[in-house]
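Sequences listed follow chains A and B, in order.
Numbering of the first sequence is given in the working numbering, commencing with residue 56 and proceeding in unit increments.
Numbering of the second sequence is given in the working numbering, commencing with residue 764 and proceeding in unit increments.
Let me begin by presenting the structure, written as structure tokens, before commenting on it.
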Amino acid sequence: MSANDWVTLGLIAFGVFFMLVADIGLNRMPDLYTRMHATAKATTLGITSLLLAAAVHFGTPEAITRSLLVVVFFFITAPVGTHVLARAAYFRKIPRWQGTVLDELAGHYDPETHDLESCEDSGSAVGCEEQRHPAA
Amino acid sequence: MSQLLNGVLLILALAMGLCFVRLLRGPSLADRVVALDQIAVHTVALAAVYCISVEQVVFLDVAVVAALLSFLGTIAFARYLEQGRDV
């Protein structure tokens, strides 16, 4: 096996490890939000190293371009998709894990229009005072 | 090399099975959407490993298309969830 093969295999092993870890997290985590946190590892570290393995293995411009295209696409869309889904789940009041200690959005979302009020616009909103003057 | 890559494909397929467990168990629709998104990520990963295994660059195109479609699917499901239909 050449050096190229070893690099390829190393990247594949790294990627597959993170895909597996993400799937175990998807099954073991207690609520939706922590599960989404676990799957993000597969989309970033897992997919990236597997596609880089393909790019290293072939080494041709067409393979490298396609691999990098998918990697960049995932890095742009994965946070957007996760945010949109988490936002929808928050409005649907999907139950959180009982050990959750902090909900910074509580009271800041309009349940009808789904608008988020900012602390600059309304000084009276619950929680904004603590944000401006955090307890020492 | 080819034998090793077949093993890797098997591991990825088993990992995809773990996603199906979450897809079936739920408990909410959002959990199922996360599982579906994860299955699409596995499809891209399988395409990447398979193209190395059979020495065909063409299969990277499958990865490109799967990535595009999975994002659209996730956004569509999330919009549907946010509009608050009973599911």
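Each residue gets a CB set at the ideal place from its N, CA and C atoms; glycine is no exception.
Here the structure is a predicted model, which is why all the values come from computation and not from measurement.
1. What's the gap between the Cα of residue 122 of chain A and the Cα of residue 820 of chain B?
2. Examine chain B for any beta-carbon lying closer than 8 Å to the beta-carbon of residue 136 of chain A, and answer yes or no.
3. Touch check for the stretch 75 to 82 of chain A and the stretch 106 to 113 of chain A: three-plus C-beta pairs under 8 Å?
4. Can you check which of these residues, A:162, A:120, A:157, is closest to residue 146 of chain A by C-alpha distance?
5. For residue 147 of chain A and chain B, any beta-carbon pair shorter than 8 Å?
6. How many angstroms separate the CA atom of residue 141 of chain A from the CA atom of residue 118 of chain A?
7. Tell me which residue opens and which closes the alpha helix (DSSP H) that residue 134 of chain A is part of.
8. On the DSSP bridge list, what partners appear for residue 832 of chain B?
9. By a C-beta neighbour count over all protein chains shown, 10 Å radius and 16 as the cutoff for buried, is residue 191 of chain A buried or exposed?
10. So with Cβ pairs under 8 Å, would you call residue 826 of chain B a contact of chain A?
11. Output the distance between the C-alpha atoms of residue 776 of chain B and residue 809 of chain B, rounded to the nearest integer angstrom.
12. Using a 10 Å radius around the Cβ and a threshold of 16 neighbouring Cβ atoms, would you call residue 797 of chain B buried or exposed?
If we stick to the structure as given:
1. 10 Å
2. yes
3. no
4. A:162
5. yes
6. 34 Å
7. 116 to 146
8. Note: residue 832 of chain B sits in no beta bridge, so no partner.
9. Because residue 191 of chain A sits at a pLDDT of 44, beneath the cut-off of 50, its placement in the model cannot be relied upon, and the point is left open.
10. yes
11. 8 Å
12. buried
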